[in-house]
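J.: Sending over a structure as structure tokens; questions will come in a sec.
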Amino acid sequence: MRFAARTVLSAPACKAVKIRGYHRQYLTIFRSNTSTINGGRTAFLLTLPVLSYLGVEAYRTVQSATVVHALEKAEEAVEQADYLYSCGETEKLYQLLLQYKDSDDAEFLWRLARASRDLSLLAHIAADEKKRLTFEAFEYAKKALEKNEACFAAHKWYAVCLSDIGDYEGVKVKIGNSYIIKEHLQRAIELNPKDATSIHILGYWCFAFAELAWYQRKVAAMIFASPPTATYEEALAFFLKAEEVDPNFYSKNLLMLGKSYMSLKDQGNAVLWLRKARDYPPHTEEDKEVKLYSDCIEAHLFISCSS
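Just so you know, we're using this note's numbering here: the sequence shown kicks off at 2 and counts up by one.
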């Protein structure tokens, strides 16, 4: 396991590495130019007592060994966390990362936000525990962003978790948060243009607002003078871009391409992408749901055309 993880993580800095995973079909790992663990090689700012030359050299040697050991231990924890995520071991992953909840490292914190959220989505989690985990995930994502504003994954999971807590805070808050969600998704894409999931989520944001019924738009307009708006064309462009960045990376992106074309009355392309979603090899429960849903929509399209 250690050999496999180190092989995956030996990719060049700033390169997105994909691993077959759980929930989201690919895992994206970001490595900065200095280190995966941002604080690992930060210089220590210590006020040293007056030491002899030999004493200073000995101190430096011991400290250097301590820093290297801490760095290796942190990198090993990240590798183990990413391995558990790729295997769908949500509860084990959460327990592992919970040990780092007080960390100042964004790499631990955004992973903990994601793990908390994934745990909240499991079928056996009670409603009150789901709510607790949802707000907990948001706090970890918020802290990750505070610790490293340049971390694309922190922006992405902050946006996702902010959207989640909107389900508990009412329509007005949810609509108001939508502006912030979009900004953080755009920032995530700026920081890492090769992260297909951020692009997909922004496409989903556009599709959701393009799909609003007229009465929902009226309600939104009553709350905000200029509520968020988007078009199916914008949503389609993001879904296509995500597919271009990482072809066939996620069954739901294929489904949303089909739905976008269907909304734009382009039946030929709608059927093409719906069939791709249907034929996507199912690895998760979500993939199975997408497969079934794609079949239903395609059947509906043919019935509509025949009538």
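Here a beta-carbon is modelled for each residue, glycine too, at the ideal position from N, C-alpha and C.
Just checking my contact of A160 with H185 at CB under 8 Å: how many whole Å lie between their CB atoms?
T.: Here residue 160 refers to the residue found at position 159 of the sequence shown. Here residue 185 refers to the residue found at position 184 of the sequence shown. Yes, A160 and H185 are in contact; Cβ-Cβ is about 4 Å, under 8 Å.
J.: Beta carbon of L258, beta carbon of K277: below 9 Å?
T.: As a working mapping, residue 258 is identified with position 257 in the sequence shown. As a working mapping, residue 277 is identified with position 276 in the sequence shown. It is a contact, given that the beta carbons lie within the stated cut-off.
J.: Between A59 and the rest of its own chain, which residues show a CB-CB distance below 7 Å, the 5 nearest in sequence each way excluded?
T.: In the sequence shown, residue 59 corresponds to position 58, counting from 1. Unreliable positioning characterises A59 in this predicted model, as indicated by a pLDDT of 38, which lies under 50. The coordinate reading is nonetheless provided below. So the list is empty, once near-sequence residues are dropped.
J.: DSSP state of A243, grouped into three classes?
T.: Residue mapping note: residue 243 aligns to position 242 of the sequence shown, counting from 1. Residue state, collapsed to three classes: helix.
J.: Pairs of beta-carbons, one from the segment 77-84 and one from the segment 98-114, closer than 8 Å: are there three or more?
T.: Enough Cβ pairs lie closer than 8 Å, so yes.
J.: Ordered along the chain, which non-local residues of its own chain (more than five positions away) have a Cβ less than 8 Å from that of I202?
T.: What you label residue 202 is simply residue 201 of the sequence shown in a count that begins at 1. Cβ neighbours of I202 beyond the five flanking positions: K157, A160, V161 and L186.
J.: Out of Q96, I176 and K148, point me to the one whose CA is closest to P229's CA.
T.: The residue you call residue 229 lines up with position 228 of the sequence shown. That would be I176, whose Cα lies nearest to the Cα of P229.
J.: Note down the Cα distance separating A114 from Y101, rounded to an integer number of angstroms.
T.: The residue you call residue 114 lines up with position 113 of the sequence shown. The residue you call residue 101 lines up with position 100 of the sequence shown. The straight-line gap from Cα to Cα measures roughly 11 Å.
J.: Look at L256 and L275 and say whether their C-beta atoms are less than 9 Å apart.
T.: Here the question's residue 256 lines up with position 255 in the sequence shown. Here the question's residue 275 lines up with position 274 in the sequence shown. In contact: L256 and L275 (Cβ atoms closer than 9 Å).
J.: Nearest by alpha-carbon distance to K309: which of D119, Y141 and E140 is it?
T.: Because the chain in this structure spans residues 2 to 308, residue 309 falls outside the shown range and cannot be described.
J.: Pull up the distance between the alpha-carbon of R98 and that of T91, whole angstroms please.
T.: Residue 98 sits at position 97 when you count from the first residue of the sequence shown. Residue 91 sits at position 90 when you count from the first residue of the sequence shown. Per the sequence presented here, residue 98 reads as Leu, with Arg not at that position. If I take the Cα positions, the gap works out to 11 Å.
J.: Let me know the secondary structure DSSP gives L94 once reduced to three states.
T.: Numbered from its first residue, the sequence shown carries residue 94 at position 93. L94 falls in the helix class under three-state DSSP.
J.: What did DSSP end up calling S131 once you bin it into helix, strand or coil?
T.: Looking up residue 131 in the sequence shown gives position 130. Note that residue 131 is Lys in the sequence shown here, rather than Ser. K131: helix per DSSP, three-state reduction.
J.: Quick one: residues in its chain with C-beta nearer than 7 Å to the C-beta of A142, no 5 flanking neighbours on either side, listed in chain order?
T.: Numbered from its first residue, the sequence shown carries residue 142 at position 141. Here the set comprises W111, A114, A155, W158, Y159 and C162.
J.: How far does the alpha helix (DSSP H) with K175 in it extend, from its first residue to its last?
T.: Within the sequence shown, numbered from 1, the residue matching residue 175 stands at position 174. Start and end: F153 to L192.
J.: How long is the line joining the alpha carbons of K242 and D196, rounded to whole angstroms?
T.: Counted from its first residue, the sequence shown places residue 242 at position 241. Counted from its first residue, the sequence shown places residue 196 at position 195. Near 10 Å, if we compare the C-alpha coordinates of D196 and K242.
J.: Find the nearest neighbour of F182 within the set G171, P194 and S199, judged by alpha-carbon distance.
T.: Residue mapping note: residue 182 aligns to position 181 of the sequence shown, counting from 1. It is Ile, not Phe, that sits at residue 182 in the sequence shown. Answer by Cα proximity: S199.
J.: Can you tell me whether A226 is helix, strand or coil according to DSSP?
T.: Along the sequence shown, read from residue 1 onward, the residue named residue 226 stands at position 225. DSSP places A226 in coil when its eight states are reduced to three.
J.: At the level of alpha carbons, what is the spacing between L293 and A151?
T.: Position 292 of the sequence shown holds residue 293. Position 150 of the sequence shown holds residue 151. Spanning the two alpha carbons is a distance of roughly 39 Å.
J.: Buried or exposed for K260, going by 16 or more other Cβ atoms inside 10 Å?
T.: Residue numbering aside, residue 260 sits at position 259 when the sequence shown is read from its first letter. With 16 or more other Cβ atoms within 10 Å, it is buried.
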